[in-house]
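Notes follow once the structure below has been shown.
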Amino acid sequence: MALLVGAVTVVSLLWGVVQYVEARQQYEERVLTMAESVAVMPTVQEALETEDPSEVLAPWAETLRAATGFEYIMIADRHGIRQSHPDPEAIGQRPSLDPAPVLAGQTWTGVEHGHAGLTLRARVPVFDDAEEVIGYVSVGILASEVRLASVQTLPLILGVALVAVGAGAVGARLLSRRLRADTHGLEPKEIATLLDGREALLHAIGEGVIGLDRQRRVVLANTPARELLHLPDDHLGRTPAQLGLSAEAEQVLSGEGPADDPGEDLLLGAHGRILVCTRRPVRVREADGGVVVTLRDRTELTRLTDQLDGARTVTAGLRAQRHEFANRIHTVSGMLELGAVDRARDYLSELSAATSGADAEIAARIGDMTVAALVLAKSVQAAERGVQFSLSELSHLPEDQPSDLRDDLLLVVGNLVDNAMDAAGPDGWVELMVRRHAGAGDGAGDGAGEGAGDVVEVRVIDSGPGLDPEIAREIFHVGRSTKGDDGQRGMGLALVRQACLRRGGTVAVEAEEETTFAAYLPVRRPEAREAEAREEGSET
5 MALLVGAVTV VSLLWGVVQY VEARQQYEER VLTMAESVAV MPTVQEALET
55 EDPSEVLAPW AETLRAATGF EYIMIADRHG IRQSHPDPEA IGQRPSLDPA
105 PVLAGQTWTG VEHGHAGLTL RARVPVFDDA EEVIGYVSVG ILASEVRLAS
155 VQTLPLILGV ALVAVGAGAV GARLLSRRLR ADTHGLEPKE IATLLDGREA
205 LLHAIGEGVI GLDRQRRVVL ANTPARELLH LPDDHLGRTP AQLGLSAEAE
255 QVLSGEGPAD DPGEDLLLGA HGRILVCTRR PVRVREADGG VVVTLRDRTE
305 LTRLTDQLDG ARTVTAGLRA QRHEFANRIH TVSGMLELGA VDRARDYLSE
355 LSAATSGADA EIAARIGDMT VAALVLAKSV QAAERGVQFS LSELSHLPED
405 QPSDLRDDLL LVVGNLVDNA MDAAGPDGWV ELMVRRHAGA GDGAGDGAGE
455 GAGDVVEVRV IDSGPGLDPE IAREIFHVGR STKGDDGQRG MGLALVRQAC
505 LRRGGTVAVE AEEETTFAAY LPVRRPEARE AEAREEGSET
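Numbers given in my numbering equal positions in the sequence shown, counted from 1, plus 4.
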């Protein structure tokens, strides 16, 4: 309000100054016009040529002054001696002002002190027919009249100023109410504090947060979101289509993908990570205010969960074997109680040959005990589900594999075999091959050593109905599954692909007649191979 009053006051003062300047210009034009008119009158020119000009000019000028309302009209001859003046005693005398400029033919206007006080004057030379100066005319008006004329506009200025202040006050009040309503009653300092707190909170939380306006342009992206999606530095103000994201990520952010219910968790694969995305619309006074997308990195949790599922599979297999072993012990015990000792001996021999054969086959081909236990558990699980499970004769995995490779093998073998058993169904069959191939030139393929180029191949074949070509192209994407749409589907094969890519390997599927998944996992990760290469280079 004080700023408004100050602004109106300054404008009013400037207006008053402009009014005074305009009034002075108008009065200057009046006195100059009057002086010029008197200077060209024949009466004046003829009188100045006589021996006693004052006899004619004094009464004539006074009459003219009274008729026109000017403060004074003075006429002087070529010597600068007054021939007319409102004060009769001043006639015949020289004025205090030097008349040389005007007698030289120059016109002058300005403010001077005279016998009546401060006056606004104009001096104009009088010329004869030969264009020679024979005198001059001076016309003046009180300067107070100029001020009075400008002061007469003061009520208008004050009235307009008051109206402006009143209208401004009302407008400021309405604007203040509108702004307070838009800012929820917060003061500017409170808004600044709130914004600072919001920025600190957004960049402190571990989840990624992306805000899009109603035109679906990015207006906010905290640090985790930029890191998870690898957003460019100039992401603000751009649409998802302009950020160079994958088609899947673009669909999730723009809301063009399937299953786009508000608040529903969507799975997204981005740069080797599995992200859980949640899109929530923002409503501002029942209008579309944009969208907020949250991103949660579930890669490590999913990997650990999958490893836990593998361990549970092993446990379930052992539990099933224990249950089956208990039933067989009870059978042998019953035979002994019935006295059928020979029959019990034959039954135990048959069991020993059957179980030791299967276990021995797995142990002979899979030297790593952890992987062998998983394969054995999967064979038991397959038997329970009526699926014929076999380990390829080409399988060969030495014992004591690196721990990181072992974890990835458990993940890959477990997921591929589970999917194969689901696809084959009862009375179907599944074949697994796990083989470590020696790298070129290292000759370490048959031992437990870590050859720089060793690769473990995992191949799973099933007798299922195969895959549609379109599904096969997207089967390794996060959330893509042939088993249904519940939230736990579409993760296993995505994890298999990420495990292979993380090690610099590949995974592919062929579904012409039988469905075949082939995964290749280098024994050593790319960063380990690069470090070793750098060390060898420094030694040479």
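For glycine and all other residues, C-beta sits at the position ideal for the given N, C-alpha and C.
Nothing here was measured: the structure is a model prediction, and the numbers come from that model.
Exercise for the section: Since I believe V296 is in contact with V223 (beta carbons under 8 angstroms), could you give me their beta-carbon distance rounded to a whole number of angstroms? Expected result: The C-beta distance from V223 to V296 rounds to 10 angstroms, too long to meet the 8 angstroms contact threshold.
Handout entry: Three-pair Cβ contact test at 8 angstroms for the region 159-174 versus the region 185-194
Key = Between the region 159-174 and the region 185-194, the count of Cβ pairs shorter than 8 angstroms is below three; the stretches do not touch.
Practice task
Kindly give me the distance between the Cβ atoms of V150 and A27, rounded to whole angstroms, as I take these residues to be in contact under 8 angstroms.
Solution key: About 5 angstroms; that satisfies the 8 angstroms criterion.
Practice task
In angstroms with no decimal places, state the Cα-to-Cα distance between N331 and L420.
Solution key: Roughly 31 angstroms between the two C-alpha positions.
Practice task
Report the option in G457, V459 and V513 whose CA atom is closest to the CA atom of D472.
Solution key: Taking only the C-alpha atoms, the option nearest D472 is V513.
Problem - Where T520 falls: helix, strand or coil (DSSP) - result: Looking at T520 - three-state DSSP - the assignment turns out to be strand.
Handout entry: Alpha-carbon to alpha-carbon, A80 and P143
Key = Before going further, note that residue 143 is Val rather than Pro in the sequence given. Cα to Cα, the separation comes out at about 12 angstroms.
Practice task
Sort out for me which residues DSSP pairs Q392 with in a bridge.
Solution key: Within the DSSP secondary-structure output, Q392 pairs in a beta bridge with W433.
Practice task
Using alpha carbons as the reference points, say which of P402, Q30 and H89 lies closest to W64.
Solution key: Considering only alpha carbons, the answer is H89.
Problem - Cβ pair D466, A427 closer than 8 angstroms - result: A427 sits close to D466, with the two beta carbons spaced by under 8 angstroms.
Exercise for the section: Give me the Cα-Cα distance between V384 and R439, rounded to the nearest whole angstrom. Expected result: In this structure, the CA atom of V384 is about 21 angstroms from the CA atom of R439.
Practice task
Give the C-beta separation of I278 and A503 to the nearest angstrom, bearing in mind that I take them to be a contact with Cβ-Cβ under 8 angstroms.
Solution key: Their Cβ separation, rounded to whole angstroms, is 12 angstroms, which puts I278 and A503 out of contact at 8 angstroms.
Handout entry: Three CB pairs or more closer than 8 angstroms across the region 126-143 and the region 99-109
Key = Under the Cβ criterion (8 angstroms, minimum of three pairs), the region 126-143 counts as touching the region 99-109.
Practice task
Sort G509, R86, P129 and S399 by Cα distance to V44 and report the nearest one.
Solution key: Out of G509, R86, P129 and S399, P129 has the C-alpha closest to the C-alpha of V44.
Exercise for the section: Determine the extent of the beta strand (DSSP E) in which I214 is found, giving its start and end residues. Expected result: Run containing I214: G212 to L216, per the beta strand (DSSP E) assignment.
Problem - Unbroken alpha helix (DSSP H) run spanning L240, endpoints - result: Here L240 belongs to no alpha helix (DSSP H), and DSSP marks it neither H nor E.
Exercise for the section: Could you spell out the range, first to last residue, of the alpha helix (DSSP H) harbouring M425? Expected result: DSSP places M425 in the uninterrupted alpha helix (DSSP H) bounded by S407 to A428.
Exercise for the section: Run the CB neighbour count on P159, radius 10 Å, all protein chains shown included, and call it buried at 16 or more, exposed below. Expected result: By the 16-neighbour rule on beta-carbons within 10 angstroms, P159 is exposed.
Handout entry: Euclidean distance between Cα positions of Y351 and G509
Key = Their backbone Cα atoms lie some 48 angstroms apart in a straight line.
Practice task
Using beta-carbon positions only, say whether T243 and R218 come within less than 8 angstroms of one another.
Solution key: Between T243 and R218, the CB-CB gap reaches or exceeds 8 angstroms.
Practice task
Can you tell me which of the three DSSP states D404 falls into?
Solution key: In the structure shown, D404 sits in coil (DSSP, three-state: anything other than H, G, I, E or B).
Handout entry: Supposed close pair A126, L36 - CB separation, criterion 8 angstroms
Key = Confirmed, about 4 angstroms.
Practice task
Return yes when the Cβ of V434 is within less than 8 angstroms of the Cβ of A386, no when it is not.
Solution key: Yes, these two residues count as a Cβ contact at 8 angstroms.
Problem - Exposure label - R564; buried when at least 16 CB within 10 Å - result: Because residue 564 is not part of the residues shown, which for the chain are 5 to 544, the question remains open.
Handout entry: Where the beta strand (DSSP E) containing G144 begins and where it ends
Key = First-last of the beta strand (DSSP E) with G144: V137 to L146.
Handout entry: 8 angstroms Cβ cutoff met for G84 and R98
Key = Annotated as proximal: G84 and R98, with beta-carbon spacing under 8 angstroms.
Exercise for the section: Throw me the rounded Cβ distance for the S396 and M437 pair, which I believe falls under 8 angstroms. Expected result: S396 to M437, Cβ: 4 angstroms. Contact.
Problem - Proximal residues to Y31 (C-beta, below 8 angstroms), its chain only, five neighbours per side dropped - result: Hits under 8 angstroms: L124, I145, E149, V150 and A153.
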